[in-house]
Amino acid sequence: MENAYMKSSQKYQGATRICEVLHLQGPYISFERLSRAVTKLQQRHPILRSRLQRNPRKTHCYFLEEDNTLQLKIIEISRKQSDHEVFWKQEWRKREKTTTIIGEGLAEFWLLQDPENQHDDNSPREIVFICEHSVSDALSLSNAAHEVLIALADENDNLFSKSLDWPITMEAAVQRSLSKITRILSFSKLMFQMLYTLVANRSPIAKIPLANVDFVLAEMADHCHSEAAYGILNKQETQKLVIKCHQEGVSITSAVSSAIIYAFSLLVDHEQVERSIFRLGVVADSRRRYIPPIPNHDLSTHVSSLMFFEMPLRNVPTTCAETWQLAQRFGEHTVKCINANQVLTFGIMGGQMFSKMLDYPEPPQLTTCSISSWGVLPFHEQYGRWIFEGMTPILNMIQGNMPFITFQTVNGVFTIMFGGPDPVIPLNILEQLRDFTIKKLHEMIED
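This is how it looks when you write it as structure tokens:
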């Protein structure tokens with residue numbers, strides 16, 4: 001999977017790179033102070049002190065070369081205080097297509113603040129942490145972002161006194177966790193289920209309205225930029241959602257997925273509703289499925305999948321009671337997939353499948369959309385003199401023709417992101433999906 005993600009990034013102008021924007025409130029952050037914090041982080045993680053190298057004997061094959069002298073790129077960018085809520089997104093649009101250079105590091109940092117606030121101890125600051133998906137996933141990148149804030153505040157120096165071991169790859173972790181016979185049986189069962197599903201259900205896949213563009217989808221990386229719309233539940237609303245989920249016997253992921261399905265059903269035309277199916281791609285965390293589990297502090301990529309969840313659009317519920325029933329059905333589907341070892345099985349085959357899809361003239365549309373639940377992330381509410389206001393994610397999504405949705409909880413606040421390649425998927429469509437989903441979640445909470 002690591003090589004597949006790097007192939008995507010190198011071939012399509014940084015596609016799949018992950019970015020986390022860390023919003024801080026507090027005193028001025030000097031370039032030197034952030035540099036020291038990043039150096040500490042590099043001392044802890046071998047991935048961050050390694051250079052990307054290409055295998056000359058094999059196409060689209062890469063390896064990492066550890067170099068203790070490597071200094072990750074840190075860019076200091078001035079902005080006006082009044083622009084602090086939007087500037088990072090404007091800058092991401094300008095720079096997201098930067099491709100990692102062979103021989104350089106796989107992560108970079110931006111420091112955004114108003115130079116006129118140098119003597120103000122209570123102003124907004126942003127640290128932007130960008131990393132290749134080939135060496136990080138949402139859980140490990142968030143953990144590393146949490147650690148760089150610890151280093152910034154000069155807290156817990158013992159954390160950085162010793163380097164972690166090199167992380168194990170996803171394929172190696174799967175092989176360590178499942179016997180050869182179990183892998184073969186699980187793979188055969190999954191392939192049979194996929195083929196049966198595709199053959200048995202010939203209904204067209206529901207699609208949201210795409211814009212009419214003057215280029216072919218094979219050229220998306222050249223003409224598109226990543227856009228995202230964000231929805232937030234405050235602490236009180238998030239707590240209400242948690243309590244309601246417990247009462248209904250479902251997970252947050254199941255409840256949110258049910259609301260997302262409802263939101264999509266409102267955006268497709270009447271003809272699609274009558275004859276098409278909604279197909280949801282589900283990204284899964286494989287770290288806790290391994291034997292033994294792999295901790296989130298290992299900076300590496302462990303991203304797998306479950307068999308997609310699908311239902312006829314005409315059967316999408318409208319009442320809150322029916323929406324909670326759909327959440328229960330989604331939860332049952334998830335448990336069934338996990339018990340069938342699908343998380344680990346997709347971990348073996350996912351890299352090859354993704355790599356082959358990158359060679360298609362146009363990106364295939366296998367699902368209506370895909371979701372990734374990042375869960376409860378490890379950030380604190382304060383780091384030294386800096387108050388942590390939250391984390392905003394964004395990904396390079398310029399090579400894809402369906403929305404990608406992530407959701408997370410940070411310090412009790414739930415955030416959901418609807419992302420996609422603009423102008424193929426216009427921002428106003430993502431905003432409508434966001435609005436419909438948040439409205440449905442509010443209805444489910446108050447029901």
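In terms of the UniProt record's numbering, the sequence shown is residues 1 to 447.
Note that CB positions come from ideal geometry on N, CA and C, so glycine has one too.
Remember, predicted model here, so these are calculated numbers, not experimental data.
Identity of the residues DSSP links to residue 408 by a beta bridge:
For the purposes of this step, residue 408 is taken as residue 408 along the sequence shown, with counting starting at 1. Beta-bridge analysis with DSSP links residue 408 to 375 and 415.
Close-in-space but distant-in-sequence residues of the same chain around residue 40 (CB under 7 Å, 5 per side omitted)
In the sequence shown, counting from the first residue as 1, residue 40 sits at position 40. Result list for residue 40: 151 and 160, in chain order.
Output the distance between the C-alpha atoms of residue 165 and residue 44, rounded to the nearest integer angstrom.
Residue 165 sits at position 165 when you count from the first residue of the sequence shown. Residue 44 sits at position 44 when you count from the first residue of the sequence shown. Approximately 9 Å, taken between the alpha carbons.
Which word fits residue 143, buried or exposed, when buried means at least 16 other C-beta atoms lie within 10 angstroms of its C-beta?
The count along the sequence shown starts at 1 and reaches residue 143 at position 143. Buried, by the Cβ-count rule.
Going by beta-carbon coordinates alone, are residue 407 and residue 416 separated by less than 8 Å?
Translated into positions along the sequence shown, residue 407 becomes position 407. Translated into positions along the sequence shown, residue 416 becomes position 416. At a Cβ-Cβ threshold of 8 Å, residue 407 and residue 416 count as neighbours.
Could you pull out every residue in the same chain whose Cβ sits closer than 7 Å to the Cβ of residue 445, ignoring the five residues on either side in sequence?
Counted from its first residue, the sequence shown places residue 445 at position 445. A distance below 7 Å between beta-carbons, with the five flanking residues on each side excluded, links residue 445 to the following residues of its chain, in chain order: 237, 240, 241 and 244.
With H, G and I counted as helix, E and B as strand and the rest as coil, what does DSSP make of residue 54?
Here the question's residue 54 lines up with position 54 in the sequence shown. Looking at residue 54 - three-state DSSP - the assignment turns out to be strand.
On the criterion of 16 or more Cβ atoms from any shown chain inside 10 Å, does residue 17 qualify as buried, or is it exposed?
On the sequence shown, position 17 is the one that residue 17 refers to. Result: buried.
Cβ distance (whole Å) where residue 344 is taken to contact residue 195 below 8 Å:
Within the sequence shown, residue 344 is the residue found at index 344, counting from 1. Within the sequence shown, residue 195 is the residue found at index 195, counting from 1. At roughly 20 Å, the Cβ-Cβ gap does not stay under 8 Å, so residue 344 and residue 195 are not in contact.
Starting from residue 128, trace the beta strand (DSSP E) in both directions and tell me its first and last residue.
Here the question's residue 128 lines up with position 128 in the sequence shown. In this chain, the beta strand (DSSP E) harbouring residue 128 covers 123-131.
Pull up the DSSP beta-bridge partners for residue 347, would you.
In the sequence shown, residue 347 corresponds to position 347, counting from 1. Beta-bridge pairing links residue 347 to no other residue.
Are the Cβ atoms of residue 369 and residue 281 separated by less than 8 Å?
The residue you call residue 369 lines up with position 369 of the sequence shown. The residue you call residue 281 lines up with position 281 of the sequence shown. Note that the C-beta distance between residue 369 and residue 281 is below 8 Å.
Runs of beta strand (DSSP E) wholly within the segment 290-365 (minimum 3 residues, chain order):
Entirely contained in the segment 290-365, the beta strand (DSSP E) runs reaching 3 residues are, in chain order, 303-312.
Hey, how far is the Cα of residue 211 from the Cα of residue 225?
Within the sequence shown, residue 211 is the residue found at index 211, counting from 1. Within the sequence shown, residue 225 is the residue found at index 225, counting from 1. Cα-Cα distance, rounded: 14 Å.
Spell out a yes or no on whether the segment 293-307 and the segment 128-143 are touching, meaning 3 or more CB-CB pairs, one atom from each, closer than 8 Å.
The segment 293-307 vs the segment 128-143: in contact.
Do residue 436 and residue 411 have their C-beta atoms closer together than 8 Å?
As a first step, residue 436 must be located in the sequence shown, where it is residue number 436. As a first step, residue 411 must be located in the sequence shown, where it is residue number 411. No; because the gap between Cβ atoms is not below 8 Å, this pair is not in contact.
Using the Cα positions of residue 223 and residue 10, report the straight-line distance between them to the nearest angstrom.
For the purposes of this step, residue 223 is identified with residue 223 of the sequence shown, where counting begins at 1. For the purposes of this step, residue 10 is identified with residue 10 of the sequence shown, where counting begins at 1. Answer to the nearest angstrom: the Cα atoms are 16 Å apart.
Using a Cβ-Cβ cut-off of 7 Å (strictly less than) and excluding sequence neighbours within five positions of residue 137, which residues of its own chain qualify?
One-based indexing of the sequence shown puts residue 137 at position 137. Taking C-beta separations shorter than 7 Å and ignoring five residues to either side along the sequence, the partners of residue 137 in its chain run 301, 302 and 303, following chain order.
Could you check whether residue 112 and residue 79 sit closer than 8 Å to each other, using their CB atoms as the reference points?
Along the sequence shown, one-based indexing puts residue 79 at 79. Along the sequence shown, one-based indexing puts residue 112 at 112. Residue 79 places its beta carbon less than 8 Å from that of residue 112.
Where does residue 278 sit, in a helix, a strand or coil, going by DSSP?
One-based indexing of the sequence shown puts residue 278 at position 278. Strand, per DSSP.
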